[in-house]
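*Asks:* For the protein sequence lines, the chains are V and F, in the order given.
Going by this note's numbering, the first sequence opens with residue 1193, and the numbers climb by one from there.
Going by this note's numbering, the second sequence opens with residue 1193, and the numbers climb by one from there.
Beta carbons are placed, not taken as given, at the ideal position from N, Cα and C, and that holds for glycine.
Since the structure is predicted, the reported quantities are computational estimates derived from the model, not experimental observations.
Mind having a look at this structure? Questions to follow.
2 protein chains.
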Amino acid sequence: MRFTSEQRLDGGVLEREFTLGEIPGILWTPGSASAPAPLILVGHPGGLRRMYPRLAARARHSVAEGFAAATIELPGGGDRPRLAAAEEARADLLRALAAGEPVSGEIVDRLVLPLVEQAVPEWRAALDALLALPEIGGPVGFSGGVISIGVRLAVVEPRIAAALLFAGSFVPAGVFEEARQVTIPLQVLLQWDDEGNDRQAALDLFDAFGSSEKTLHANMGGYTGVPHFEWEAGDRFFARHLK
Amino acid sequence: MRFTSEQRLDGGVLEREFTLGEIPGILWTPGSASAPAPLILVGHPGGLRRMYPRLAARARHSVAEGFAAATIELPGGGDRPRLAAAEEARADLLRALAAGEPVSGEIVDRLVLPLVEQAVPEWRAALDALLALPEIGGPVGFSGGVISIGVRLAVVEPRIAAALLFAGSFVPAGVFEEARQVTIPLQVLLQWDDEGNDRQAALDLFDAFGSSEKTLHANMGGYTGVPHFEWEAGDRFFARHLK
């Protein structure tokens, strides 16, 4: 892990870009020296540069609440090499949507599973590197999408103690099975009127989670319309479970 | 409105019992003199004495956050005269449930509508009396059940600026129509695994509300299992809309 740049944001938050091998990432920490902060991994759909304003806003909110926050680019996202299988599946997906055809489970599997397979070990490696920093302590939360990545991390990575997941479309059937194995506390965000989202699938996935503490927060509006008060609710959820 | 008793609770909260004509009620206010507090009407399924521990706990939490809180007994609840029509419907309901038969919409109408018809003017009269007290200001929130009472109040009572509703079973078909007329901000609590609750009906009712800001919070557990962190979330919802 190599820091490549650093800047101070409003409120004294320290933002540092880093690379982990070929993978770019960003770390946000409290500006002043303090006890090691619990870490929130900030998930996203890929494309760090495009997502930066929203990610940085969420991260700064979390840092103000006493967390560290970090994210890395997804496989195939930003300037990283394309994932050939997923690119092909995306083309098939767009063709199906343009033709008004249903999106088959086979396309969804090809779109999402290679991404999960490659991304999850990368996030775990990032966790190794981040937790080695003196300013970061455990436990760790995962916040955001891709929900299939969040589910897999919640199952396989014991250092993740709580997850705030963004319900999204195109969830492979196998992920519903994995969801039953999740036992950590969950808060699941669902945009109720997201026309690109399958509401019933999201409710079914929420139902499938094995966690005894799981909360669904459904709000109006589309993908980018998550109300700001959910950031605060998310930080309160993490404060209950990470502090 | 006549105060009949008063006591100091932990934290200095002033709890006063009152009667409004024949209707008993309870008012909780900050113990020390302060600016007029926004009011939260605390709904419940009837039976103030039985519900007291939970109502008082919720009210004290709200008072600590700077609100006043008040409740009144429902028609037919506690020591108030039975509602003959509703009692008869309740007997029919229990017969249907015991026989494993579906509960007809006709029974639900007879169970709920007379209660709503009588309760709503009583809550509005209570509002008149409470808002005349110097320690209480507007605006007003409604928090709790019976959800059909909350919906009617949200439609007909302009002083109610936000509502936290508890999704419950046995909602008359007409209430779904009323829900479309609701435009105030809503937070709706749903106990996901409440065996006595019709989850799909609750989701349909949430969908029906006309409000542009509406949030659904679904949690695990049955009717009495609403997690304590929802009290805090409720007070934050009211703080956004009543302060």
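Between the Cα of F/Gly1413 and the Cα atoms of F/His1420, F/Arg1241 and F/Trp1384, which residue gives the shortest distance?
*Replies:* F/Trp1384
*Asks:* Using a Cβ-Cβ cut-off of 8 Å, state whether F/Thr1407 counts as contacting chain V.
*Replies:* yes
*Asks:* Do F/Leu1307 and F/Val1338 count as a contact pair if the criterion is CB distance below 8 Å?
*Replies:* yes
*Asks:* Could you tell me whether any Cβ in chain F is nearer than 8 Å to the Cβ of V/Phe1368?
*Replies:* no
*Asks:* Going by beta-carbon coordinates alone, are F/Ala1189 and F/Leu1382 separated by less than 8 Å?
*Replies:* This structure does not reach residue 1189 of chain F, given that chain F is present from 1193 up to 1435, and the question cannot be answered.
*Asks:* Counting only runs that start and end within the stretch 1258 to 1319 of chain F, where is the alpha helix (DSSP H) found for 4 or more residues in a row?
*Replies:* 1276 to 1290
*Asks:* Report all residues from its chain with a CB closer than 7 Å to the CB of V/Ala1431; omit the five preceding and five following residues, and keep chain order.
*Replies:* Excluding positions up to five away in sequence, the list reads Glu1257.
*Asks:* For F/His1420, does the three-state DSSP call read helix, strand or coil?
*Replies:* Residue state, collapsed to three classes: coil.
*Asks:* Quick check on the burial criterion: 16 or more other C-beta atoms within 10 angstroms. Buried or exposed for F/Gly1502?
*Replies:* Not covered by the structure: residue 1502 of chain F. The range shown for chain F is 1193 to 1435.
*Asks:* Starting from V/Ala1227 and walking both ways along the beta strand (DSSP E), at which residues does that stretch end?
*Replies:* Looking at the DSSP string, V/Ala1227 is not in any beta strand (DSSP E), and its letter there is neither H nor E.
*Asks:* Considering only C-alpha positions, which residue in the set F/Glu1309, F/Gln1392 and F/Gly1426 is nearest to V/Phe1421?
*Replies:* F/Gly1426
*Asks:* Of all Cβ atoms in chain V, is any one closer than 8 Å to the Cβ of F/Asn1411?
*Replies:* yes
*Asks:* Taking buried to mean at least 16 other C-beta atoms within 10 Å of its own C-beta, is V/Leu1289 buried or exposed?
*Replies:* exposed
*Asks:* Can you tell me whether F/Ile1352 is helix, strand or coil according to DSSP?
*Replies:* DSSP places F/Ile1352 in strand when its eight states are reduced to three.
*Asks:* Would you identify the three-state DSSP class for F/Ala1410, choosing helix, strand or coil?
*Replies:* strand
*Asks:* Do the stretch 1352 to 1366 of chain V and the stretch 1297 to 1304 of chain V make contact, defined as three or more Cβ pairs closer than 8 Å?
*Replies:* yes
*Asks:* When you compare the CB of V/Phe1421 with every CB in chain F, is at least one pair closer than 8 Å?
*Replies:* yes
*Asks:* Within the same chain, show all residues whose beta-carbon is closer than 8 Å to that of F/Arg1351, passing over the 5 residues directly before and after it, in chain order.
*Replies:* If we look at F/Arg1351 and ignore the five residues flanking it on each side, its Cβ neighbours are Leu1319, Leu1323, Gly1330, Pro1331 and Val1332.
*Asks:* Using beta carbons (cut-off 8 Å, strictly below), is V/Ala1288 in contact with chain F?
*Replies:* no
*Asks:* Tell me, please, whether the CB atom of V/Ala1425 is closer than 8 Å to any CB atom in chain F?
*Replies:* yes
*Asks:* With distance defined between alpha-carbon atoms, name the residue in V/Gly1217, V/Ser1224 and V/Arg1194 nearest to V/Pro1201.
*Replies:* Pro is not the amino acid found at residue 1201 of chain V; the sequence shown has Leu there. Comparing Cα positions, the closest option is V/Ser1224.
*Asks:* Nearest-angstrom Cα distance between V/Trp1423 and V/Thr1196?
*Replies:* Those two C-alpha atoms are separated by around 28 Å.
*Asks:* I'd like the span of the alpha helix (DSSP H) that includes V/Phe1401, first residue to last.
*Replies:* Taken as a continuous stretch (DSSP letters only), V/Phe1401 belongs to no alpha helix (DSSP H), as it is neither H nor E.
*Asks:* Do you know whose CA, among F/Phe1401, F/Pro1222, F/Ser1254 and F/Arg1252, lies nearest F/Glu1369's CA?
*Replies:* F/Phe1401
*Asks:* Would you mind stating whether F/Gly1270 and F/Arg1250 have Cβ atoms separated by less than 8 Å?
*Replies:* no
*Asks:* Identify the continuous alpha helix (DSSP H) that holds V/Val1255 and give its terminal residues.
*Replies:* That run of the alpha helix (DSSP H) goes Leu1240 to Ala1256.
*Asks:* Run down chain F in chain order and give the residues with a C-beta less than 7 Å from the C-beta of V/Ser1254.
*Replies:* Under the 7 Å cutoff, chain F gives no residues; its nearest Cβ is about 17 Å from V/Ser1254.
*Asks:* In terms of alpha-carbon separation, which member of F/Asp1399, F/Asn1389 and F/Glu1405 lies closest to F/Asn1411?
*Replies:* F/Asn1389
*Asks:* Do you know offhand how far F/Glu1207's Cα is from F/Gln1310's?
*Replies:* 26 Å
*Asks:* With distance defined between alpha-carbon atoms, name the residue in V/Leu1219, V/Ala1229 and V/Ile1299 nearest to V/Gly1235.
*Replies:* By alpha-carbon distance to V/Gly1235, the top candidate from V/Leu1219, V/Ala1229 and V/Ile1299 is V/Leu1219.
*Asks:* Should V/Phe1259 and V/Ile1232 be called a contact, given that it needs their Cβ atoms to be closer than 8 Å?
*Replies:* yes
*Asks:* May I ask you to report which of helix, strand or coil DSSP gives V/Ser1361?
*Replies:* coil
*Asks:* Identify the contact partners of F/Arg1432 in chain V, using a Cβ-Cβ distance below 7 Å as the criterion.
*Replies:* Simply Phe1421.
*Asks:* For F/Val1332, which residues does DSSP report across the bridge?
*Replies:* F/Leu1231 and F/Ile1352
*Asks:* With a Cβ-Cβ cutoff of 8 Å, do F/Gln1373 and F/His1409 count as a contact?
*Replies:* In this structure, F/Gln1373 lies away from F/His1409, with their beta-carbon atoms at least 8 Å apart.
*Asks:* Give a yes or no on whether 8 Å exceeds the smallest Cβ distance from V/Ser1361 to chain F.
*Replies:* no
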